[in-house]
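> FYI, the numbering for the sequence shown is -23 to -1, 1 to 128, going by mature numbering (1 follows the signal peptide of the UniProt record, and there is no 0).
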Amino acid sequence: MNWLKKTLLTSLLLLAVIGLASANNPDAVLGVWKNGEGTGMVQIYKKGDQYYGRVVWLKVPNNPDGTPRTDINNPDEKLRSRPLKGLENLRNFKYVGDGQWEAGQIYDPKTGNDYSCEMKLVDDNTLEVRGYIGVSLFGRTDVWKRQVRKA
């Protein structure tokens, strides 16, 4: 019985250390994430010391006529014909420690609006993405689930 207790305690300590390591790893956010609605997936990647994301999968990739869905709600008419798949919708995030990325922007193709955004890694496979206008207090948080690590 003593051996079982030691093994269990060692396993719990190892999991805690792994959790702390990913919370302090700026690149822990890299990979492919599915949004809370399950309608899209975003690949988060790094450019220099900042983090970006692009749409890599859509539940409904095409319009009823079979053509790829485009950014029809964009306020800039010239951008309305760009495909949603491949669209860079997360920009300029900086890692601030403790599993958090801030000072970024998120583009919502449903509304055609850009919002200030911050992201927080809750655990290895759960990311809280909070978009807001002005102050973070006035915003909305979406919970994303990891699909692929460091894709």
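Glycine included, each C-beta is placed from N, C-alpha and C at the ideal position.
So M18 and K11 are in contact, right, with Cβ under 8 Å, and what is the actual spacing, rounded?
That belief holds up - the Cβ atoms of M18 and K11 are roughly 5 Å apart, short of 8 Å.
> Give every residue of the same chain whose Cβ lies closer than 8 Å to the Cβ of C94, excluding the five residues on either side of it in the sequence, and list them in chain order.
So the list reads L67, F70, G81, Q82, I83, V106, R107, G108 and Y109, once near-sequence residues are dropped.
> Would DSSP call D26 helix, strand or coil?
Coil at D26, not helix or strand.
> Is it right to say G76 is buried, meaning 16 or more other beta carbons lie within 10 angstroms of its own, or is it exposed?
G76 comes out buried.
> Classify E54 as helix, strand or coil using the three-state DSSP reduction.
The answer is helix: DSSP assigns E54 an H, G or I state.
> Can you give me the C-alpha to C-alpha distance between T47 and K62, rounded to a whole angstrom?
About 8 Å.
> Starting from the C-beta of K122, find all residues in its chain whose C-beta is less than 7 Å away, skip the five residues before and the five after it, and write them out in chain order.
The answer, listed in chain order, is W10, K11, N102 and T103.
> What are the start and end residues of the beta strand (DSSP E) that includes R59?
It is not in any beta strand (DSSP E) - R59 carries neither H nor E in the DSSP assignment.
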